[in-house]
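> Chains as they are written, first to last, in my numbering: chain B, 27 to 137; chain W, 27 to 137.
Where is the CB? At the ideal position from N, CA and C, for every residue including glycine.
There are 2 protein chains.
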Amino acid sequence: MSLPHPTTEQITLANVLVALGDPTRLAIVAQLARDEATPMRCGQFLDLGSKTNISYHVAKLREAGVIYTEVSGTSRLISLRREDLDKLFPGLLDSIIASAAEIALPIALED
Amino acid sequence: MSLPHPTTEQITLANVLVALGDPTRLAIVAQLARDEATPMRCGQFLDLGSKTNISYHVAKLREAGVIYTEVSGTSRLISLRREDLDKLFPGLLDSIIASAAEIALPIALED
């Protein structure tokens, strides 16, 4: 089974920006960016929201072309579409990840 | 008379991305970026939509902190909040403007 993803040509700047315009989805992308070579499971984002909530946000990111979701047995392996996004919108993902990481940092330090 | 604007501290990455996640608003920002030293009037964007439509989109950009709108008599002078955005989200505005300009270019060449 595989989930639908937009092709590279179907990814639009407006859709990517709307998908990223949410604090939970920015946090998911920032976490994926920490180790891009290793896909993550939905269950690893449960500090950000309920399972239903995370599934919703992950679907929004997939439908906009920001992430790949690969179904592997009962798991879903999530990774950034780094190559596509860098090709289509040079510098965009890096600037957003850098800003999202800076925003998340003070909250983590309060623990 | 002056219109409400968020302070620099009130501007959030999520709000900026949502505001920019619209083709008309991306086109407005791309046009403002062509000559940032010269504020533009709503009337200069009428190739992008009706007066009501442009007023709506300009208000969305102002409320998110992407642009300044200065009331001057019966006109509204619009400019990018370049300094605030570059300070808060380094590289973001430039990457979005570059991508938005590239998207707009092929359409213009078809004329």
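Helix, strand or coil for V92/W? Go by DSSP, reduced to three states.
Here V92/W sits in coil by DSSP.
> Taking only beta-carbon atoms, is I122/B less than 9 Å away from chain W?
Closer than 9 Å: yes.
> Comparing alpha-carbon positions, which option in L87/B, Y82/B, T95/B and H83/B lies nearest L39/B?
Nearest C-alpha to L39/B: L87/B.
> Beta-carbon within less than 6 Å of L118/B's beta-carbon, same chain only, minus the 5 sequence neighbours each way: which residues are those?
None.
> What are the boundary residues of the beta strand (DSSP E) that includes L52/B?
It is not in any beta strand (DSSP E) - L52/B instead sits in the alpha helix (DSSP H) that spans P49 to R60.
> With DSSP collapsed to three states, give me the class of I122/W.
I122/W falls in the helix class under three-state DSSP.
> Of the residues that make up the segment 66 to 83 of chain B, which ones have a beta carbon closer than 9 Å to any beta carbon in chain W?
Flagged: no residues at all.
> Got a sec, what are the start and stop residues for the alpha helix (DSSP H) S74/B sits in?
Looking at the sequence shown, residue 74/B is not Ser but Leu. First-last for L74/B: undefined, no H or E at that position.
> What span of residues does the alpha helix (DSSP H) with L39/B cover, start to end?
Element bounds for L39/B: L39 to L46.
> Between which two residues does the alpha helix (DSSP H) holding L114/W run?
Run containing L114/W: R108 to L114, per the alpha helix (DSSP H) assignment.
> Quickly, what does DSSP pair V97/B with across the bridge? List them, please.
Its beta-bridge partners are R102/B.
> In angstroms with no decimal places, state the Cα-to-Cα distance between L72/B and R102/W.
L72/B and R102/W: Cα-Cα distance of roughly 46 Å.
> With C-beta atoms as the reference, is Y94/W less than 9 Å away from L111/W?
No. Outside cutoff.
> Can you tell me the Cα-Cα spacing of F115/W and Q36/W, whole angstroms?
Rounded to the nearest angstrom, the two C-alpha atoms are 13 Å apart.
> Is the CB of P32/B under 9 Å away from at least one CB in chain W?
It does not; no Cβ of chain W falls within 9 Å.
> Drop a sphere of 10 angstroms on the beta-carbon of S76/W, count the other beta-carbons inside from all chains shown, and report buried for 16 or more, exposed for fewer.
S76/W should be labelled exposed.
> Within the same chain, show all residues whose beta-carbon is closer than 6 Å to that of E96/B, passing over the 5 residues directly before and after it, in chain order.
Excluding residues within five positions, the ones whose Cβ falls inside 6 Å are L103.
> Give, in chain order, every residue of the segment 50 to 64 of chain B whose Cβ lies closer than 7 Å to some Cβ of chain W.
Cβ contacts with chain W come from L52.
> For L87/W, which residues in chain B fall below 7 Å Cβ to Cβ?
Ordered by position in chain B, no residue passes the 7 Å Cβ test against L87/W, which lies about 13 Å from the chain.
> Does G117/B have its Cβ less than 9 Å from a Cβ in chain W?
Closer than 9 Å: yes.
> Rank V92/B, H31/B, L29/B and V55/B by C-alpha distance to the C-alpha of S125/B and give the top, closest one.
Among V92/B, H31/B, L29/B and V55/B, the Cα nearest to that of S125/B is on V55/B.
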